[in-house]
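I have placed the structure first, in the form of structure tokens, so that the comments after it can refer back to it.
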Amino acid sequence: MGNEKETTSLEDLIEKAGGCAVLDGGFAMQVERHGAVINDPLWSALCLIKDPNLIKRVHLEYLEAGADILVTSSYQGRATMHRQDRMT
1 MGNEKETTSL EDLIEKAGGC AVLDGGFAMQ VERHGAVIND PLWSALCLIK
51 DPNLIKRVHL EYLEAGADIL VTSSYQGRAT MHRQDRMT
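Counting in the UniProt record's numbering, the sequence shown runs from 1 upward without gaps.
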């Protein structure tokens, strides 16, 4: 209906790439270039809470640069819940 998005499975992307997909872990460097402070052990979770638009902006930059795969930056989220007092 015009707003439908095409989804592609990871297997399809790997096949399209000739059998191999490369994931680069440069997300921290990119958010730091935009001013995020990443010297905290929970930097990615803090970015998600304090500046979710930054996370979105960096993901869009990766897509604009030709990325086919995006990874979440929520892997520290669980630990963050145990340290709520640091984020208020």
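No residue lacks a Cβ here, since even glycine has one placed at the ideal position from N, Cα and C.
Helix, strand or coil at residue i [DSSP, three-state]
{"i": "valine 71", "result": "coil"}
{"i": "histidine 59", "result": "helix"}
{"i": "aspartate 85", "result": "Below a pLDDT of 50, predicted positions are generally treated as unreliable, and aspartate 85, at 47, falls in that range; the measurement from the model is reported next regardless. In this structure, aspartate 85 counts as helix in the three-state DSSP scheme."}
Euclidean distance between Cα positions of residue i and residue j
{"i": "valine 37", "j": "methionine 29", "result": "10 angstroms"}
{"i": "lysine 16", "j": "isoleucine 49", "result": "35 angstroms"}
Close beta carbons around residue i, own chain, < 7 angstroms, minus the five adjacent residues each side
{"i": "glutamine 76", "result": "Leu42, Ser44, Ala45"}
{"i": "aspartate 12", "result": "none"}
Same chain, Cβ closer than 8 angstroms to residue i, five either side skipped, listed in chain order
{"i": "arginine 33", "result": "none"}
{"i": "leucine 70", "result": "His59, Tyr62, Leu63"}
Spatial neighbours of residue i in its chain, beta-carbon cut-off 6 angstroms, leaving aside the 5 residues before and after
{"i": "aspartate 85", "result": "Reliability fails at aspartate 85, whose pLDDT of 47 lies under 50, so the model's placement of it is uncertain and no value is given."}
Proximity test, residue i beta-carbon vs the ligand NAP heavy atom, cut-off 7 angstroms
{"i": "lysine 56", "result": "The ligand NAP is not among the ligands present in this structure, which contains no ligands whatsoever."}
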